[in-house]
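Residue numbers (the working numbering): 483 to 806.
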Amino acid sequence: MRILSIFCLLFFSFLTTTVFAQFDDMVGVGEIDFGKPEITIKPSFPEPGETVTANVSSYAQMVKGSNFIWILDGIEVPNSKNKNSVTFTAGEDNVAQKLSAVFQTPDGRQVVADFDFLPRYLDIIIEPQTHVPSFYLGRPLPSVGSLVNATFLISGVESYSDLLFTWRMGREVVSEGAVRGMNYVSFETSLDPNIILTVEARDTNGEMVASEIVSIPSAEPFIKFYESNALLGLANKPVNGALTMLGNIATLRSEPYYLDSRTYNEPDLLEWKVDGVLYPNQNQNPYEVTLEKNSATGRSQLNFHVRDLSQLLQGARGGVGINL
483 MRILSIFCLL
493 FFSFLTTTVF
503 AQFDDMVGVG
513 EIDFGKPEIT
523 IKPSFPEPGE
533 TVTANVSSYA
543 QMVKGSNFIW
553 ILDGIEVPNS
563 KNKNSVTFTA
573 GEDNVAQKLS
583 AVFQTPDGRQ
593 VVADFDFLPR
603 YLDIIIEPQT
613 HVPSFYLGRP
623 LPSVGSLVNA
633 TFLISGVESY
643 SDLLFTWRMG
653 REVVSEGAVR
663 GMNYVSFETS
673 LDPNIILTVE
683 ARDTNGEMVA
693 SEIVSIPSAE
703 PFIKFYESNA
713 LLGLANKPVN
723 GALTMLGNIA
733 TLRSEPYYLD
743 SRTYNEPDLL
753 EWKVDGVLYP
763 NQNQNPYEVT
773 LEKNSATGRS
783 QLNFHVRDLS
793 QLLQGARGGV
803 GINL
């Protein structure tokens, strides 16, 4: 029995030694090499004149204990010796740059990590398809469920047909994924108060050429009322609180800010009410109403409501007092 136990112990020891020896051969314990040093930069695609932060990181044995410096376009970056991170300013538009980390190993060898990049102006043009008055000087904002057009511009690119573009709203891919030449996209906004839109451009080899990200604030549609006059035209200041009728007739226009243009042009619901009663509007423009003063005096309440019944958040209502 004792002989059998000794035999089993020796056999188990042999198997364990063999397995670990094979494992050591596969992974090279004590000689693990994670490759040459690598450089990363932020932002990944800098624009001309933008501040760039570069980092070099590696666990490779080949540079362990080495001294190193940073070289940008053939010139040493000041005060960069043995610093894992450096900051510099990106160069001119569409002028290629080379950043290098040059290591001098203890045994006299030189190891170089290179990173090539091309500063370019990048921009995403956002065009919300929402309504604002013609005299409004601000930019229209999207609202929940409204249509937005976006265009990605890359300086120095004359034709986008050789690039593949992938658009994402949040984590959701917009359109059909990577589409050749599609540096533009149309999409409906989500319920998020701030929409994160990203775009990636790659060449036909799959190499990333540029990427950009933008945050788009979403607004809630609201109503403002403006007095319209046959001689003076439309006032550019809204009625504040109440309108006092000086004559027998007054015309008011309702302006629904940030309402989707599709809803504005073809609303499912559009109604005027005076003191809670539907008011028959005879105006050619459904967003204008003409009020006629009768013998009554006092104060009335004028209300307006417009909405897309299939997208209930696409709508607005408002009211204004009328002093008779």
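Note that the Cβ used here is the ideal one computed from N, Cα and C, for glycine as well.
Keep in mind it's a predicted model, so treat the numbers as computed, not measured.
Cβ-based neighbour list, residue i, same chain, cut-off 6 Å, excluding 5 preceding and 5 following
i: I804; result: L725, S782, L784
i: E694; result: L604, I606, V681
i: P675; result: S700
i: A732; result: L773
i: G512; result: Only weak support is given to the placement of G512: the predicted model assigns it a pLDDT of 40, under 50, and the value that follows is read from those uncertain coordinates. So no residue of the chain qualifies.
i: S863; result: Since the first residue shown for the chain is 483 and the last is 806, residue 863 is missing from the structure and cannot be characterised.
i: F634; result: I606, N665, V681
i: K810; result: No answer is possible for residue 810: the residues shown for the chain start at 483 and end at 806.
Under the three-state DSSP convention, the category residue i falls into
i: M817; result: Outside the displayed range of the chain (483 to 806) lies residue 817, so it cannot be described from this structure.
i: T671; result: coil
i: Y746; result: helix
i: A778; result: coil
i: M690; result: strand
i: F550; result: strand
i: S495; result: Residue placement at S495 is flagged as unreliable, the pLDDT there being 48, under the threshold of 50; the coordinate-derived value follows with that caveat. Helix at S495.
i: Q766; result: coil
i: K755; result: strand
i: V802; result: strand
i: L760; result: strand
i: D555; result: coil
i: G659; result: strand
i: M651; result: strand
i: N722; result: coil
i: N561; result: coil
i: Y740; result: coil
i: S792; result: coil
i: Q611; result: coil
i: P525; result: coil
i: P588; result: coil
i: F617; result: coil
i: G638; result: coil
i: A632; result: strand
Expected contact under 8 Å - CB spacing of residue i and residue j to nearest Å
i: L794; j: P768; result: With 8 Å as the limit, L794 and P768 do not qualify as a contact, their Cβ atoms being about 20 Å apart.
i: Q611; j: S743; result: 5 Å
i: R662; j: S641; result: Between S641 and R662 the Cβ distance is about 11 Å, and since that is not below 8 Å, they are no contact.
i: K775; j: N718; result: No, K775 and N718 are not in contact; Cβ-Cβ is about 25 Å, not under 8 Å.
Residues near residue i in its chain [Cβ-Cβ closer than 7 Å; skip 5 each side]
i: P738; result: H613, P703, I705, Y746, V788, A798
i: V691; result: L645, A683, R684, D685
i: D555; result: Q579, K580
i: P530; result: A572, G573, E574, D575, P601, Y603
i: G780; result: L806
i: A712; result: none
Cβ pair residue i, residue j closer than 8 Å
i: A683; j: F647; result: yes
i: A632; j: L600; result: no
i: P519; j: V559; result: no
i: V721; j: V802; result: yes
i: V630; j: E658; result: no
i: D790; j: D750; result: yes
i: S539; j: N561; result: no
Proximal residues to residue i (C-beta, below 8 Å), its chain only, five neighbours per side dropped
i: V655; result: T648, W649
i: S637; result: D575, N576, R602, Y603, L604
When you compare the segment 534-552 with the segment 581-590, are there three or more beta-carbon pairs, one atom per stretch, that lie closer than 8 Å? yes
Does the segment 659-671 come close enough to the segment 615-632 that 3 or more CB-CB pairs lie under 8 Å? yes
Counting pairs of Cβ atoms below 8 Å between the segment 557-572 and the segment 528-543, do you hit three or more? yes
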